[in-house]
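Numbering (our numbering), first residue to last: 7 to 149. Virtual Cβ for every residue (Gly too), placed ideally from N, Cα, C. Source: prediction; values computed, not measured. These notes are about the structure you will find just below.
Rendered as structure tokens:
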């Protein structure tokens, strides 16, 4: 493969294994998209009927990925279709759905397990996911 092709490679992992989430109200982690420039994580979020008009949502501006084995942290680079705290998206009705993406610094293309934390506080209101399995052998190349 040419250097240019390798640099532009896009790899996809749908429905990655996640050992634990802190709350059933967390957005669903749908897929990982790996490139040399970033790791994108796509989520789906259905509003909850317990809230009037579906409530609100945002994602932590200080979110990071952490490699479980060596503790290395990868910082949040950007987000699409969701606002970062302290801003928030207010829903207009119950049963609305929101799909969004967040991007982190690039991770190595090697088998690893990661934790995703919205912040260091890890309160019941923060989203966090532990034991996200990243296995390059499961990745599909997007052409």
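Spatial distance of residue i from residue j (CA atoms)
i           : j           : result
residue 69  : residue 92  : 13 Å
residue 141 : residue 114 : 11 Å
residue 87  : residue 95  : 10 Å
residue 67  : residue 130 : 17 Å
residue 76  : residue 30  : 28 Å
residue 55  : residue 101 : 7 Å
residue 85  : residue 26  : 23 Å
residue 46  : residue 57  : 29 Å
residue 143 : residue 118 : 11 Å
Distance between beta carbons of residue j and residue i, contact taken as under 8 Å
i           : j           : result
residue 146 : residue 38  : Actually they are not in contact, since the Cβ atoms of residue 146 and residue 38 sit about 11 Å apart, beyond 8 Å.
residue 97  : residue 53  : 5 Å
residue 32  : residue 133 : 5 Å
residue 65  : residue 124 : 7 Å
residue 111 : residue 44  : 7 Å
residue 99  : residue 59  : 6 Å
Range covered by the beta strand (DSSP E) that runs through residue i
i           : result
residue 73  : 70-73
residue 91  : Careful: residue 91 lies outside any beta strand (DSSP E) and carries neither H nor E.
residue 137 : 134-140
Same chain only: Cβ atoms within 7 Å of residue i, ignoring 5 sequence neighbours per side
i          : result
residue 24 : 35, 135, 137, 138
residue 62 : 94, 95, 96, 97
residue 89 : 64, 95
Cβ shell of residue i (< 6 Å), same chain only, five flanking positions each side left out
i           : result
residue 13  : 42
residue 16  : 41, 148
residue 109 : 44, 46, 83, 84
residue 28  : 134
Contact set for residue i: own chain, Cβ-Cβ below 8 Å, skip 5 residues either direction
i           : result
residue 103 : 50, 51, 52, 53
residue 121 : 71, 72, 74, 134, 135, 136, 137, 138
8 Å Cβ cutoff, residue i in contact with chain C
i           : result
residue 110 : Absent from the structure is chain C; it holds one protein chain and no more.
Which ranges does the beta strand (DSSP E) cover as unbroken runs of at least 3 residues, wholly within the segment 10-39, from first to last along the chain?
You should have 17-20, 24-27.
In the segment 45-124, which residue ranges form an unbroken beta strand (DSSP E) of at least 3 residues, counting only runs that do not cross its ends?
Entirely contained in the segment 45-124, the beta strand (DSSP E) runs reaching 3 residues are, in chain order, 45-52, 70-73, 79-86, 103-110, 118-123.
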